[in-house]
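Student: Got a structure for you, questions after.
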Amino acid sequence: MSSSVGAPVLIVGAGPVGLATAYVLGRYGVASLICEKYDSVNPHPRAHVVNTRSMEIFRDWGISDVILAESVGPAWGNVVWKHTFAGEELGRIPLALDDVAHFESVSPVATTSCAQDRVQQTLLNALREQGIATVRYGVEVVELQNYESGVSAKLRSADGTVETVTAQYAVAADGASGTLRTGLGIEMDGVPEFGRQINVYFHADLSPWTDRDPALLVWLLNSAAPGGIIGMDGKRRWTYNFGYDPEVETLADYTPKRCADLMRQALGIDDIEIEVKSIGTWRLASQIARQYRQGNIFLVGDAAHQFPPTGGMGMNTGIADADNLGWKLAGVLAGWAPESLLDTYEAERRPVAQSNAEFSVGNAVKMDECGLGTSTAAIADLLESQDPDVAAAERARLAEAIPRQRDHFGSIDQEIGYTYGSDGPPVAPIYPRSHGVEGGRPPHRWISRSGQRVSTLDLITRGFTLIGAPSGRHWLEALDRVAGDIPCLPLLMGRDLDTGDEDPFGVGENGAVLIRPDGHIAWRAPSESASPEEDLSRTLQTTFGAIRVGR
Numbered sequence: 056m057s058s059s060v061g062a063p064v065l066i067v068g069a070g071p072v073g074l075a076t077a078y079v080l081g082r083y084g085v086a087s088l089i090c091e092k093y094d095s096v097n098p099h100p101r102a103h104v105v106n107t108r109s110m111e112i113f114r115d116w117g118i119s120d121v122i123l124a125e126s127v128g129p130a131w132g133n134v135v136w137k138h139t140f141a142g143e144e145l146g147r148i149p150l151a152l153d154d155v156a157h158f159e160s161v162s163p164v165a166t167t168s169c170a171q172d173r174v175q176q177t178l179l180n181a182l183r184e185q186g187i188a189t190v191r192y193g194v195e196v197v198e199l200q201n202y203e204s205g206v207s208a209k210l211r212s213a214d215g216t217v218e219t220v221t222a223q224y225a226v227a228a229d230g231a232s233g234t235l236r237t238g239l240g241i242e243m244d245g246v247p248e249f250g251r252q253i254n255v256y257f258h259a260d261l262s263p264w265t266d267r268d269p270a271l272l273v274w275l276l277n278s279a280a281p282g283g284i285i286g287m288d289g290k291r292r293w294t295y296n297f298g299y300d301p302e303v304e305t306l307a308d309y310t311p312k313r314c315a316d317l318m319r320q321a322l323g324i325d326d327i328e329i330e331v332k333s334i335g336t337w338r339l340a341s342q343i344a345r346q347y348r349q350g351n352i353f354l355v356g357d358a359a360h361q362f363p364p365t366g367g368m369g370m371n372t373g374i375a376d377a378d379n380l381g382w383k384l385a386g387v388l389a390g391w392a393p394e395s396l397l398d399t400y401e402a403e404r405r406p407v408a409q410s411n412a413e414f415s416v417g418n419a420v421k422m423d424e425c426g427l428g429t430s431t432a433a434i435a436d437l438l439e440s441q442d443p444d445v446a447a448a449e450r451a452r453l454a455e456a457i458p459r460q461r462d463h464f465g466s467i468d469q470e471i472g473y474t475y476g477s478d479g480p481p482v483a484p485i486y487p488r489s490h491g492v493e494g495g496r497p498p499h500r501w502i503s504r505s506g507q508r509v510s511t512l513d514l515i516t517r518g519f520t521l522i523g524a525p526s527g528r529h530w531l532e533a534l535d536r537v538a539g540d541i542p543c544l545p546l547l548m549g550r551d552l553d554t555g556d557e558d559p560f561g562v563g564e565n566g567a568v569l570i571r572p573d574g575h576i577a578w579r580a581p582s583e584s585a586s587p588e589e590d591l592s593r594t595l596q597t598t599f600g601a602i603r604v605g606r
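Residue numbers (our numbering): 56 to 606.
In structure tokens:
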């Protein structure tokens, strides 16, 4: 068994969150070694919602346009309830037409639908173009150990070769079914399981129905084959999801032929050609790791938190985990941030996961009134009742219940309103003309920088950005005296930025705002200060979780 130094950071798992973590590190020039036990990107699309905050992050990374090119277009922004796919409609939520003005006023991007395998491939391509990380497919991390000076990992390749590598830090991004968290003795809080689902990925030509009425997601309420069909590309790629009882059946009972037969019943189309590409299973759970860090090992993504899919928060919460942890690891490795900064990862991200878990579970409970969950069979029986009055009454009840599910399919407050370091709720309401709150992301406004139209969110840099008011030059001078080797970008409104007649950051004529590398507001002063150096030094101490001495 050979032994070698892998990279400063070892990442276990090449899913979207593992690749995103490596990409953030690479932006700072930090090399990572990614080990993935499977031999390639998983072609089975699971998640598909890329929410507004993830799109903002991808925009900062320069890959949002690629994600959009792989996404289902806005014309598909309908969620529909039907008896069968080709049958009677029971109700709908038209997402593409819902409150567009509000969404456009608070962000330069919007939630989109892009299959997870396409998100993964986009991140992998970007990572390879970056040329800093090493990705090793077909290599499983079978053991991970903490030491005072770093970590040691035992790797096993597909051919049986075993080797040991060391790194300064390790990131466990091995997903909900990963074993590293258990091996570290980290327990989960929450509900371990409240349902199982079969997820069938298939190809079929459904254009005779979708050309007339495209729908991203179709919930099917019938007694023969209830479930949900998701359009992964708006053309031929689809997934079909339905519940099953593991006490009675196993995944092996669902052969490709059986799944194809079930889908024909769900579609309500007997003579359609269906090509089953893969069949998977997943469990509905709501759990959060008690610790996000053990020594030099960190948990991200589904290794740290698992939510029901009602709300599309899983992958998106993981992408933000990566964005938060990546710059902190890079700062500590480069020496411009103290080790204590790494403890803020759990302190900031775990409350967000708890909030997203509550949101997702609340959606799941509410969706039960629309036949998705424990009520499916009972509602299908009512819809198919031989008594026309009973069937009509149930259709009328569903028509009222379905619009109440709107937040399930996108809550802008939940997606971009989460905050760090607040004693209050972890989510702040998003208003079109707000100035943002400390710990949250900056407000979005279109402004001018060097003659170019940019969003205020585009002012993020790979360091801290200090934006001073028109008469706030003293803040920039104070930062220069206290920042030391911390990477900082000073900008002055009126000199570097043209905000028109607006005060987008709420800093008046003499104040300033400090934005972190992950685009969250570290601090804001609405006016000038008698001791700007002391204020900025204290802010950096708080952000880093320790006292930092400036030059």
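Just so it is clear, CB atoms sit at the ideal spot from N, CA and C, and this is done for glycine as well.
When you compare the CB positions of LEU150 and PHE464, do they come within less than 8 Å of one another, or not?
Tutor: On the sequence shown, position 95 is the one that residue 150 refers to. On the sequence shown, position 409 is the one that residue 464 refers to. Result yes, Cβ atoms of LEU150 and PHE464 sit closer than 8 Å.
Student: On a Cα-Cα basis, can you pick out the residue from ASP229, GLN175, GLN223, ASN180 that is closest to VAL196?
Tutor: For this step, residue 196 is matched to residue 141 along the sequence shown. For the residues ASP229, GLN175, GLN223, ASN180, the minimum Cα distance to VAL196 belongs to ASP229.
Student: Who are the Cβ neighbours of GLY549 in its own chain at under 6 Å, not counting the five residues just before and after it?
Tutor: As a working mapping, residue 549 is identified with position 494 in the sequence shown. If we look at GLY549 and ignore the five residues flanking it on each side, its Cβ neighbours are PRO525.
Student: What beta strand (DSSP E) runs, 3 residues minimum, are completely inside the region 509-551?
Tutor: Listed in chain order, the complete beta strand (DSSP E) runs (minimum 3 residues) inside the region 509-551 are 519-523, 543-547.
Student: Would you call the region 551-562 and the region 536-543 in contact, with 3 or more CB pairs under 8 Å?
Tutor: Segments in contact, no.
Student: Quick one: residues in its chain with C-beta nearer than 8 Å to the C-beta of LEU271, no 5 flanking neighbours on either side, listed in chain order?
Tutor: By one-based count along the sequence shown, residue 271 stands at place 216. Counting only Cβ-Cβ distances below 8 Å, and skipping sequence neighbours, we find VAL127, TRP131, GLY132, ASN133, VAL134, LEU150, SER168, ILE285, GLY286.
Student: At what residues does the beta strand (DSSP E) containing ILE324 begin and finish?
Tutor: Counted from its first residue, the sequence shown places residue 324 at position 269. Note, ILE324: premise wrong, no beta strand (DSSP E); not H, not E.
Student: At what residues does the alpha helix (DSSP H) containing GLY205 begin and finish?
Tutor: Along the sequence shown, one-based indexing puts residue 205 at 150. Run containing GLY205: none in the alpha helix (DSSP H); it sits in the beta strand (DSSP E), 205-212.
Student: Between the Cα of ILE241 and the Cα atoms of GLU449, ILE352, LYS290, which residue gives the shortest distance?
Tutor: Residue mapping note: residue 241 aligns to position 186 of the sequence shown, counting from 1. Nearest option by C-alpha distance: ILE352.
Student: Excluding the five sequence neighbours on either side, which residues of its own chain have a C-beta within less than 7 Å of the C-beta of ALA279, listed in chain order?
Tutor: The residue given as residue 279 occupies position 224 in the sequence shown. Result list for ALA279: GLN320, in chain order.
Student: Is DSSP giving GLY68 helix, strand or coil here?
Tutor: Counting from one through the sequence shown, the residue named residue 68 turns up at place 13. Note: GLY68 maps to coil in three-state DSSP.
Student: Near ALA359, what residues of its chain come up, given a Cβ to Cβ distance below 6 Å and the 5 sequence neighbours on each side ignored?
Tutor: One-based indexing of the sequence shown puts residue 359 at position 304. So the qualifying residues of the chain are ALA344, TYR347.
Student: Please confirm if the region 372-386 is in contact with the region 102-113, defined as three or more CB-CB distances below 8 Å between the two stretches.
Tutor: Counting Cβ pairs under 8 Å, three or more are found: they touch.
Student: Where do the ends of the beta strand (DSSP E) carrying GLU91 lie?
Tutor: Against the sequence shown, residue 91 aligns to sequence position 36. Here the beta strand (DSSP E) through GLU91 covers 87-91.
Student: If contacts are defined as beta-carbon pairs under 8 Å, then LEU179 and VAL79 qualify, I think. What distance do you get, rounded to the angstrom?
Tutor: In the sequence shown, counting from the first residue as 1, residue 179 sits at position 124. In the sequence shown, counting from the first residue as 1, residue 79 sits at position 24. That pair is no contact at about 15 Å.
Student: Which residue or residues does DSSP assign as beta-bridge partners of HIS360?
Tutor: For the purposes of this step, residue 360 is taken as residue 305 along the sequence shown, with counting starting at 1. HIS360 is bridged to ILE343.
Student: Just reading off the beta strand (DSSP E) that VAL303 is part of, what are its end residues?
Tutor: As a first step, residue 303 is located in the sequence shown; it is residue number 248 there, counting from the start. That residue, VAL303, is in no beta strand (DSSP E); it is neither H nor E in DSSP.
Student: Can you tell which of ARG452, SER440, ALA412, GLY186 has the C-alpha that lies nearest to the C-alpha of ASP423?
Tutor: Reading the sequence shown from its first residue, position 368 is the one you call residue 423. Among ARG452, SER440, ALA412, GLY186, the Cα nearest to that of ASP423 belongs to ARG452.
Student: May I ask which residues mark the beginning and end of the alpha helix (DSSP H) holding PRO443?
Tutor: Stepping through the sequence shown from its first residue, residue 443 is reached at position 388. Counting along the chain, the alpha helix (DSSP H) containing PRO443 begins and ends at 443-456.
Student: Unbroken beta strand (DSSP E) runs of length 3 or more, entirely within the region 76-150: which are they?
Tutor: Here the runs fully enclosed are 87-91, 133-137, 144-149.
Student: Given this structure, state the Cα-to-Cα distance separating GLY215 from THR597, to the nearest angstrom.
Tutor: In the sequence shown, the residue the question calls residue 215 occupies position 160. In the sequence shown, the residue the question calls residue 597 occupies position 542. Looking at the two C-alpha atoms, the distance is approximately 47 Å.
Student: Using a Cβ-Cβ cutoff of less than 8 Å, which residues in the same chain neighbour ILE457 once the five nearest sequence positions on both sides are dropped?
Tutor: Looking up residue 457 in the sequence shown gives position 402. These residues qualify, in order along the chain: TRP136, LEU145, GLY146, ARG147, ILE148, CYS425.
Student: Distance check for TRP382 and TRP501, CA to CA, integer angstroms please.
Tutor: Stepping through the sequence shown from its first residue, residue 501 is reached at position 446. Stepping through the sequence shown from its first residue, residue 382 is reached at position 327. Their Cα atoms are separated by approximately 26 Å.
Student: Using three-state DSSP, classify ALA222 as helix, strand or coil.
Tutor: For the purposes of this step, residue 222 is taken as the residue at position 167 of the sequence shown. ALA222 falls in the strand class under three-state DSSP.
Student: Just to confirm my understanding: we take HIS575, look at its own chain, exclude 5 residues before and 5 after, and list those with CB closer than 7 Å. What are they?
Tutor: Residue mapping note: residue 575 aligns to position 520 of the sequence shown, counting from 1. The residues are TYR475, GLY494, GLY495, ARG496.
Student: For ASP685, which residues does DSSP report across the bridge?
Tutor: Because the chain is modelled from 56 through 606, residue 685 falls outside the range shown and cannot be assessed.
Student: Please tell me whether VAL331 and VAL273 are closer than 8 Å, where the distance is taken between their beta carbons.
Tutor: On the sequence shown, residue 331 is found 276 positions in, with the first residue counted as 1. On the sequence shown, residue 273 is found 218 positions in, with the first residue counted as 1. No, they are not a contact pair.
Student: Please look up how many angstroms separate the CB atoms of GLN342 and PRO247, rounded, as I've assumed it's under 8 Å.
Tutor: Position 287 of the sequence shown holds residue 342. Position 192 of the sequence shown holds residue 247. Confirmed, about 6 Å.
Student: I think VAL194 touches CYS90, with their Cβ atoms under 8 Å apart; what is that distance to the nearest whole Å?
Tutor: Mapped onto the sequence shown, residue 194 falls at position 139. Mapped onto the sequence shown, residue 90 falls at position 35. About 4 Å separates the two Cβ atoms, so the contact holds.
Student: To the nearest angstrom, how far is it from the Cα of ALA69 to the Cα of PHE560?
Tutor: By 1-based counting over the sequence shown, the position of residue 69 is 14. By 1-based counting over the sequence shown, the position of residue 560 is 505. So the two alpha carbons sit approximately 37 Å from each other.
Student: Taking all protein chains shown into account, do 16 or more other C-beta atoms lie within 10 angstroms of the C-beta of LEU595, making it buried, or fewer, making it exposed?
Tutor: The residue you call residue 595 lines up with position 540 of the sequence shown. Buried, because 16 or more other Cβ atoms sit within 10 Å of the Cβ of LEU595.
Student: Note down, in chain order, each residue of its chain lying with its Cβ closer than 7 Å to the Cβ of ALA62, except the 5 sequence neighbours on either side.
Tutor: Working through the sequence shown from its first residue, we reach residue 62 at position 7. Contacts found: ALA86, SER87, LEU88, THR189, ALA222.
Student: According to the neighbour-count rule (16 or more other Cβ atoms, all chains shown, within 10 Å of its Cβ), is GLN441 buried or exposed?
Tutor: Looking up residue 441 in the sequence shown gives position 386. Answer is exposed; the Cβ neighbour count stays below 16.
Student: So MET370 is in the alpha helix (DSSP H); what residue range does that whole segment cover?
Tutor: Mapped onto the sequence shown, residue 370 falls at position 315. Segment 369-389, the alpha helix (DSSP H) holding MET370.
Student: Please check the pair LEU65 and VAL174, which I expect to be a contact at CB under 8 Å, by giving their CB distance rounded to whole angstroms.
Tutor: Taking the sequence shown and counting its residues from 1, the one referred to as residue 65 is at position 10. Taking the sequence shown and counting its residues from 1, the one referred to as residue 174 is at position 119. The pair is not a contact, with the Cβ atoms about 22 Å apart (cut-off 8 Å).
Student: From what residue to what residue does the alpha helix (DSSP H) around ILE485 run?
Tutor: Numbered from its first residue, the sequence shown carries residue 485 at position 430. Counting along the chain, ILE485 falls outside any alpha helix (DSSP H), and DSSP gives it neither H nor E.
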